[in-house]
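All remarks here apply to the structure that follows.
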Amino acid sequence: FCGTQDKACQHFSFYFIESAYLVTIWTFTTLSRRHDPSVFFSLTDQIASQETKDRNEDQGMLNSRIFRRSIKKQTKHTAMDIENNEEDSEEIGMEHISKKVEKRPEFSKTGKPLLLHDSKHSEEDELVNWKKNFHFASFPLYDFGNWIPFVMARWPCLGTGCGLPQVAFKNSKGDILRVVPRLEARYDWQPMPFRTLVKHEKTRLRYVHNPCHHTPKAKQMKTAFKEVALVSSDEECSTFQKIQNVAKMGMRFVLIYAKKNEPVKEIKCKNEECFHLLGASAAMISFDDGDEARRMMKDQDLFVELQTTSQDSFFFAIDHQGRLAEVGLFLYPSLHFLAYEAQWFHYEADLMKNTKGHAKVIPVFNHTLMRGVKGVTNKIHLPKDFLKYRNVELDMSLRCPESYDSSCPRWDHVVHLTVCCQDKSKLCGVEIGRWVTPYARSVGRWLTPITSLLPLFTSSTCTLTMKTVPWEMPWTPSLNIRFSDHISDSKHGYSKRRYSPDIVPYGILKLYHGGKFDKNYNSKYKDVSFNPPTWAKRVELVAIITGHGKDNNGCAEFCVTSHHFTVNDISPNVIVFKNAATAMGCAERVDRGVEPNEHGTWLYGRDGWCPGQEVVPWVKDITNQVDLKSENTIKYFGYFNGTDPNPRHSPGNIDMSSYLVFYRMAKDLIDI
1118 FCGTQDKACQ HFSFYFIESA YLVTIWTFTT LSRRHDPSVF FSLTDQIASQ
1168 ETKDRNEDQG MLNSRIFRRS IKKQTKHTAM DIENNEEDSE EIGMEHISKK
1218 VEKRPEFSKT GKPLLLHDSK HSEEDELVNW KKNFHFASFP LYDFGNWIPF
1268 VMARWPCLGT GCGLPQVAFK NSKGDILRVV PRLEARYDWQ PMPFRTLVKH
1318 EKTRLRYVHN PCHHTPKAKQ MKTAFKEVAL VSSDEECSTF QKIQNVAKMG
1368 MRFVLIYAKK NEPVKEIKCK NEECFHLLGA SAAMISFDDG DEARRMMKDQ
1418 DLFVELQTTS QDSFFFAIDH QGRLAEVGLF LYPSLHFLAY EAQWFHYEAD
1468 LMKNTKGHAK VIPVFNHTLM RGVKGVTNKI HLPKDFLKYR NVELDMSLRC
1518 PESYDSSCPR WDHVVHLTVC CQDKSKLCGV EIGRWVTPYA RSVGRWLTPI
1568 TSLLPLFTSS TCTLTMKTVP WEMPWTPSLN IRFSDHISDS KHGYSKRRYS
1618 PDIVPYGILK LYHGGKFDKN YNSKYKDVSF NPPTWAKRVE LVAIITGHGK
1668 DNNGCAEFCV TSHHFTVNDI SPNVIVFKNA ATAMGCAERV DRGVEPNEHG
1718 TWLYGRDGWC PGQEVVPWVK DITNQVDLKS ENTIKYFGYF NGTDPNPRHS
1768 PGNIDMSSYL VFYRMAKDLI DI
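Position one of the sequence shown corresponds to residue 1118 (the numbering used here), numbered consecutively onward.
Printed below as a string of structure tokens:
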């Protein structure tokens, strides 16, 4: 994978003759930008020669197959088109849980024009572009006399993408008779196969003739847990039904062999099947391997062992600055993950462009080790006129102690940034920024807008503290505060922001915190009364909210929660985290800062957050709901499924900081 200075990413990866690369290439093209070239190397000279021969002899077949696929593709948007991504929505009234996709503004959350890339193109362009962008080396990797083989061999590699999954067939003496490749069922749908087989020294292979109608005998049930089922891929019933029936027999692993003259396919669920976990682990092998296993079973007992043969890395990356980079983990065999890395490179390039403009930068941390209860702390000095900047951002990057992902902490945890400018102030120690760490990746960087929270800086000298859970391995964050778009810029015509040039945030009132998301969650919250300052011209509600933990409903990490703030008993201001529990909710947000290809279950949508991403404050203008000249009230409650949460066990937690922010005329400001 390689990104060049003109923002085209070149992708380097490796293929086999059995890989059905046309299918996987099409997956890649639908998720990548069309000007990203890719180079495929072979791992053996035999395979490379055969692939080259096939293309030379039947180029028209390749063109035809790609062209037919392009005609079938009706949509004109790829995953890079942000209009296709469902947002956590903000809705009014008690009927708020209806589905609604937020229209994206023409300006980004930083107030700058979004750097969008048009993905619309004709079907004829589709055929031409893939031929221009995909290149196949005609000799194998080991013949390259440069640095590429060295990188693939020496770089640390973690997870399933670092070895060849195989099945070893053995006789009763333990002698290996045959080793064949296997393709496991989708990782998030099946139990881990090694856990089911590692408990027994010998696991016998048994052919199940008709798993669609097989009824086990009592004698078979007693020994089934020590056996692996071998079944064919006939279509009398679904693969799901076969696996479930085999599980009822007591077996915990199923080898399914493909149909004759058909390739090995990933075992997937369909429709309602996806809501039920497999009762046993499963993997697919080729027809020839399954047929040979059946032949050997006629003469002797066969025993099965799963193994992963060590292998050099399959991928590497070169980013837009010409730096080598790791690609991360492929959770299952799919070129989706190459596309996610390409999306990340474009996100990163756009972010770097957004940091090139004029700004006053206040350094806070610089690759500082963050560990233990204290985290990392630093005192900063702000410019005296900092309240006169209308665009303030936290420029935060999160790295690992060493340059490889293998040195990173393994789990996702919340990172809080708090500020204290006056020790005795009620605002000392309040939250001003939040992120969630990735699963063992070291590429994250985000620009988080915090303009509305400027009044938390109650003086020009403040102490910032960043910390996460104390027992985790250390991270090394870097943080700068960027001040841009000074109010004086608009007087000279420099400012292009759409905000009013006349008012800026000046006062702030703490509201509600979160807590245990159980049946008593809402009972602890009381109405808050407030009188806006006499100088207030605008009032905003600002909240940072994420859900964590897992009860019997998946709350509060993997369930949809809604959060309601009602001012003066007017219709509530509501944010609903509809992205939670979606299968690909976080994967679809790589172009908005989710670190790709993390070493864990990063794909799933969460309740207001994603692993390896910032948590952007929710900002709502409520001026028209507030009486600026008298007392007002605001109340809050949080719901699951439209009502109070009431879990049976293990309640989750809502992590929330919320504020009211008051704006005043810029001309009346006095420097702090």
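Ideal Cβ placement from N, Cα and C applies to all residues, glycine included.
Mapping the DSSP letters down to three states, classify residue i as helix, strand or coil.
i, result
"PHE1256", "coil"
"ILE1265", "helix"
"TYR1629", "strand"
"ASN1508", "strand"
"LEU1395", "coil"
"ASP1408", "helix"
"VAL1547", "strand"
"HIS1716", "coil"
"MET1773", "strand"
"ASN1639", "helix"
"LYS1784", "helix"
"LYS1382", "coil"
"GLU1106", "Nothing about residue 1106 can be read from this structure; the chain reaches only from 1118 to 1789."
"ILE1751", "strand"
"VAL1778", "strand"
Name the residue from the options whose alpha carbon lies nearest to the alpha carbon of residue i.
i, options, result
"LEU1515", "HIS1665, CYS1676, MET1413, VAL1493", "VAL1493"
"ASP1467", "MET1782, GLY1710, ALA1399", "GLY1710"
"GLN1438", "ILE1598, HIS1463, SER1430, LYS1695", "HIS1463"
"THR1760", "ASN1669, TYR1638, VAL1736", "TYR1638"
"ARG1323", "MET1590, GLY1717, ASN1250, ARG1411", "ARG1411"
"PHE1432", "ASP1418, GLU1458, GLU1731", "GLU1458"
"CYS1801", "GLN1358, ALA1364, VAL1363", "The requested residue 1801 is not part of the displayed model; the chain covers only 1118 to 1789."
"LYS1365", "HIS1330, LYS1376, GLY1291", "HIS1330"
"PHE1647", "VAL1490, LEU1745, ARG1558", "LEU1745"
"CYS1279", "SER1577, SER1427, GLY1632", "SER1427"
"VAL1621", "ILE1604, HIS1453, LYS1633", "ILE1604"
"GLN1417", "VAL1363, LEU1294, ALA1346, PRO1566", "LEU1294"
"TYR1506", "LEU1720, ALA1476, ASP1522", "ALA1476"
"VAL1693", "LYS1633, ILE1751, VAL1733, PHE1757", "PHE1757"
"THR1651", "ARG1706, ASP1785, TYR1642, LEU1504", "ASP1785"
"GLU1409", "SER1559, ASP1436, THR1750, SER1349", "SER1349"
"ASP1644", "ASN1670, LYS1654, THR1683", "THR1683"
Where does residue i land, buried or exposed, given buried means 16+ other C-beta within 10 angstroms?
i, result
"SER1747", "exposed"
"GLY1407", "buried"
"PHE1600", "buried"
"ASP1512", "buried"
"LEU1372", "buried"
"TRP1264", "exposed"
"ALA1270", "exposed"
"GLU1383", "exposed"
"ALA1400", "buried"
"ASP1405", "exposed"
"PHE1256", "exposed"
"THR1718", "exposed"
"TRP1592", "buried"
"LYS1287", "buried"
Cα separation between residue i and residue j?
i, j, result
"THR1554", "VAL1532", "7 Å"
"PRO1273", "PHE1267", "12 Å"
"LYS1501", "SER1775", "26 Å"
"ALA1791", "GLU1715", "Within the shown structure, residues of the chain are numbered from 1118 to 1789, placing residue 1791 beyond reach of any answer."
"LYS1473", "VAL1481", "19 Å"
"LEU1628", "LEU1777", "7 Å"
"HIS1498", "GLU1657", "27 Å"
"PRO1728", "HIS1630", "22 Å"
"HIS1430", "ARG1781", "The sequence shown places Ser at residue 1430, not His. Answer to the nearest angstrom: the Cα atoms are 57 Å apart."
"LYS1667", "LYS1387", "26 Å"
"VAL1284", "GLU1731", "42 Å"
"PRO1762", "PHE1754", "11 Å"
"CYS1538", "CYS1579", "4 Å"
"ILE1360", "HIS1393", "12 Å"
"LYS1584", "VAL1490", "7 Å"
"PHE1779", "PRO1572", "9 Å"
"SER1403", "VAL1509", "58 Å"
"LEU1581", "ASN1495", "6 Å"
"ILE1687", "GLN1742", "7 Å"
"SER1523", "LYS1290", "38 Å"
So residue i packs on residue j, CB below 8 Å; how close in whole Å?
i, j, result
"THR1320", "VAL1421", "5 Å"
"HIS1665", "ASP1772", "6 Å"
"THR1565", "GLY1546", "THR1565 to GLY1546, Cβ: 19 Å. No contact."
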